[in-house]
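Only one structure is covered here, and it is reproduced in the block below.
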Amino acid sequence: MILRKFFRRSAAVWLSPIILFLIVFFANDSLRPASTIYSLAFTVTGASEVFLIAPFCAACAAWEGGRLRRAGWLRLPRTRTVFGFVLLPLAPTLVVGIVSLIVAVLYQFRLAPAFLVPNFTVMAVACAVIIAHTVLGFAVGLHIRSVIAMPSILLLDYIWMVMPPAFNPLWLRHLTGAWTGCRDVTTSLDTRASLAVTLLSLGFAVAAFLLARASLAERHFGAAMIPIILSVSVGIWLVHSLGPDPVVPRAGSLVCSNGTPQVCVWPEHRNQLARIEPLAAQADAAWQQAGVPGPERYSELRAAALPPGVGSIRLQPSLPQDNRDILVSLAYGALPRPPACAVAGTAPWPGGAAAPYVAVWYADVAGVPLSALQSAVSPDVIEKVAAVRATPPADQANWVNQNMAAISDCAIPPHLEPPS
Amino acid sequence: MNLRFDDVTFRYGKRQPPVLDRFSWEIPPGKTVLLGPNGAGKSTLLGLGTDALRPTQGRVRFGDVTPSRRRDRSAYRRLVGWMPQHTRAVPGLTAHEQVAYAAWLKGLGQRQAWSAAADALKQVGLHDLAGRKVSTLSGGQVRRIGLAQMLAHDAQVLLLDEPTAGLDPAQRARFRDLMAALPQGRVVVVSTHQVDDLSELFQSVVILDKGRFHFTGSVTEFLELAPAGAVGSPAEAAYACIVAGES
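Note that the protein sequences, when read in sequence, are chains X and L.
Under our numbering, the first residue of the first sequence is numbered 48, with each subsequent residue one higher.
Under our numbering, the first residue of the second sequence is numbered 58, with each subsequent residue one higher.
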């Protein structure tokens, strides 16, 4: 009953149309929508709007804290714990924040071509960020005049959320919880990133708790900085070794076809198998006829995680792909993996230059005309592969095998010139 | 049950002199007026009584319940109602919402707090203003909101800190009527530095200055101390006599 009254008086409730408008506006104006049928991609895209929601909630919470400060109720002896004390005035703000997050995520999911369930970890971490920023804003509002606290919190929190992604080192961005880069179906979110943001949120919440118990003159005020410093330090330690996107190769079972070559894709692409399988068979038959057999199996696992002899297939970034895109993907997938010396950068890898030539040859043989590839590769590649294709099949097979060997070994030079 | 201060020492900072030093006082049920000049330690004493302040030494207890024991703290706070010197509005809340929120903070459930707030507002004569925002009420009405906040959770100890300070004579008379109507059988302590607040509605008078008792007795005993032929009211004369005599 009292809670209902607080909802009616809540700044966040009154201002909620503004945040909802901003969420939709930003989603339409600036967010690159997820382009694959992958729940994580849609969820991180929607949850990235936490950079708007968290400062909004923190500022509204600072206003609520200011109301209690003005009333002098912080010092009143009460039976409720500090959690109970803040629950009533903060509940409307928290509800508006979490509803805004759900709206932001569902707004992205409306673009999904199939029914998908949002990623629980990303949603939970985004909720933790919103709750932490809200309680910290509230605690600041308990001590500083609302007219100063509200705009300051809004500005500082916004800066905290948007500046790290703009700075080097790139891993700084992982501390905010806005992971827009986790869109590839072959990857999943690195636990270290979610753990770092959860710890940071916990640090903020503990700081808020200490601030809510403190007066400015008390030692608690300085002590409130300790959990923030600690959690930021641990968070940095967790994410500092991550790349620009906090991802790891995805674990889990792929769905495989029964044909030859066998094609294995992530469950999200299951309905693509019926289309890919005959194309893979068509390509494989053409390559066998040309004397260069392709892989016996294709997999959508990340290339780095593939066992030797298994080709990779990429169905990204856009769906639906046309048949030529799939054949090109199979052609590139037929190439051997780069050798360890190339991956580690310990030796020159001259054979790497041969990759586009061989891939274009595979694609052309599989049925993609060279003219269709002109926009994707350099004219020199098209010209040389056209010359190779004009030579006898045995010479072509020899040219391909030589260059395949060069691609898989740093010590073997490529032979890009057409056989004479 | 009595409210007891047992050997209580309190200082505001480690290097500050104690406001109360090994202070003991047992307050029986009934209405007690706590008189004393500004800085006498009245607000500190009430702050200790409400558990807004913690004694440096000694303890406060009501029966066997003491806020010094962590497990008793909530129960003690539930038993004690406090009307601080300045009752302020929680911006945006109506009278009913503010009183209900205060009652909820004292441990009542939401529904219970809401109905208790309505009863308390009726007790202080503000039921017709229950839907008005507290920030739009007059000073006297806000004081009555403070009184309603204290009454809403059915406290057994009622501590009122300068409840009539800053009120005009009509409001003070109204407030005295409200205090006369406070429930019987509870420990009620009203601190004031205005001796004209003293009336027959109090059972005992205590004069505190610099953390020490200067007088404890009934209202009649207090008034008998007024010198014959003194100028002004007997209460003022008695008070001046006691304070001047001690100093």
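A virtual CB, placed ideally from N, CA and C, is assigned to each residue, including glycine.
Treat the numbers as computed from the prediction; the structure is a model and nothing was measured.
Task: Within 8 angstroms of chain L by C-beta, residues of the stretch 126–146 of chain X in sequence order - done: T126, R127, G131, F132, L135
Task: Neighbourhood of G203 (chain L) by C-beta, 8 angstroms cutoff - its chain only, sequence neighbours within 5 removed - done: M140, P141, T144, P220
TODO: Would you list, in sequence order, the uninterrupted beta strand (DSSP E) runs of no fewer than 3 residues that lie entirely inside the stretch 176–230 of chain X?
DONE: none
Open item on the list: If the cut-off is 9 angstroms on Cβ atoms, which residues from the stretch 246–273 of chain L count as contacting chain X, listed in chain order?
Closed with: none
Open item on the list: For the stretch 114–126 of chain X, list every residue whose C-beta sits within 8 angstroms of some C-beta in chain L, in sequence order.
Closed with: R114, L115, R117, A118, G119, W120, R122, L123, P124, R125, T126
Task: 3 or more residues per run - each beta strand (DSSP E) lying fully within the stretch 228–262 of chain X - done: 234–236
Task: Alpha-carbon spacing of S261 (chain L) relative to T89 (chain L), whole angstroms - done: 5 angstroms
Open item on the list: Can you list, in chain order, the residues of its chain with a C-beta nearer than 7 angstroms to that of R200 (chain L)? Leave out the 5 residues immediately preceding and following it.
Closed with: T144, P220, L224, F232
TODO: For Y133 (chain L), collect the residues of the same chain with a Cβ closer than 7 angstroms to its Cβ; drop the 5 residues on either side in sequence, then sort them by chain order.
DONE: D108, F119, V122, T123, P124
Open item on the list: Less than 8 angstroms between the beta carbons of G341 (chain X) and G358 (chain X), yes or no?
Closed with: yes
Open item on the list: So, with DSSP's three-state summary, where would you put H462 (chain X)?
Closed with: coil
Task: Collapsed DSSP secondary structure at V424 (chain X) in the structure displayed - done: coil
TODO: Spell out whether any CB of chain L is found under 8 angstroms from the CB atom of R56 (chain X).
DONE: yes
TODO: Would you kindly work out how many angstroms separate the C-alpha atoms of L203 (chain X) and I195 (chain X), rounded to a whole number?
DONE: 12 angstroms
- [ ] With a threshold of 7 angstroms, establish whether the CB of L242 (chain X) neighbours any heavy atom of the ligand SAM.
- [x] The ligand SAM is absent from the structure shown, which contains no ligand whatsoever.
TODO: Go ahead and label A287 (chain L) buried or exposed: buried means 16 or more other beta carbons lie within 10 angstroms of its beta carbon, across all protein chains shown.
DONE: exposed
Task: Rounded distance between the beta-carbons of H271 (chain L) and V252 (chain L), thought under 8 angstroms - done: Not quite, the Cβ-Cβ distance comes to about 13 angstroms (not below 8 angstroms), so this is no contact.
- [ ] Please name the residue, chosen from X:A391, X:Q449, X:V415, that lies closest to L374 (chain X) on a Cα-to-Cα basis.
- [x] X:V415
Open item on the list: Please list, in chain order, the residues of the stretch 214–231 of chain L that have any C-beta partner in chain B closer than 7 angstroms.
Closed with: No chain B is part of this structure, whose protein chains are labelled X and L.
- [ ] Look up S63 (chain X) in the DSSP assignment and say whether it is helix, strand or coil.
- [x] helix
Task: Inter-stretch contact (C-beta, 8 angstroms, three-pair minimum) for the stretch 436–451 of chain X and the stretch 78–86 of chain L - done: no
Task: Spatial neighbours of A419 (chain X) in its chain, beta-carbon cut-off 7 angstroms, leaving aside the 5 residues before and after - done: R371
Task: Interface partners of T107 (chain L) on chain X, CB under 7 angstroms - done: P124
Open item on the list: Closer than 9 angstroms between beta carbons: that is the criterion. Which residues of the stretch 143–159 of chain L meet it against chain X?
Closed with: H143, T144, R145, A146, V147, P148, G149, L150, T151, H153, E154, Q155, A157, Y158, A159
Task: Start-to-end residues for the alpha helix (DSSP H) that takes in G131 (chain X) - done: 129–156
Open item on the list: Whole angstroms are fine: how far does the CA of A243 (chain X) sit from the CA of A171 (chain X)?
Closed with: 13 angstroms
TODO: Output the distance between the C-alpha atoms of Q167 (chain L) and T126 (chain X), rounded to the nearest integer angstrom.
DONE: 14 angstroms
- [ ] Return the Cβ separation of H287 (chain X) and W218 (chain X) in integer angstroms, given the expectation that the two are a contact with Cβ distance under 8 angstroms.
- [x] 5 angstroms
TODO: Kindly list, in the order they appear in chain X, the residues whose Cβ is closer than 9 angstroms to that of A170 (chain L).
DONE: M48, I49
Open item on the list: I'd like to know whether the C-beta atoms of A259 (chain X) and L189 (chain X) end up nearer to each other than 8 angstroms.
Closed with: yes
Task: Whole-number beta carbon distance between L78 (chain X) and T90 (chain X), since they are thought to touch under 8 angstroms - done: Actually they do not touch by this definition, with Cβ atoms about 13 angstroms apart.
- [ ] Give the secondary structure of S248 (chain L) by DSSP, where H, G and I count as helix, E and B as strand, and everything else as coil.
- [x] strand
Task: Cβ of R134 (chain L) within 8 angstroms of any chain X Cβ - done: yes
TODO: Please name the residue, chosen from X:R55, X:W313, X:V412, that lies closest to T233 (chain X) on a Cα-to-Cα basis.
DONE: X:W313
Open item on the list: Quick check: what's the CA-CA separation for R114 (chain X) versus R55 (chain X)?
Closed with: 15 angstroms
- [ ] Please report the residue range of the alpha helix (DSSP H) in which S261 (chain L) lies.
- [x] First-last for S261 (chain L): 261–266, but that is the beta strand (DSSP E), not the alpha helix (DSSP H).
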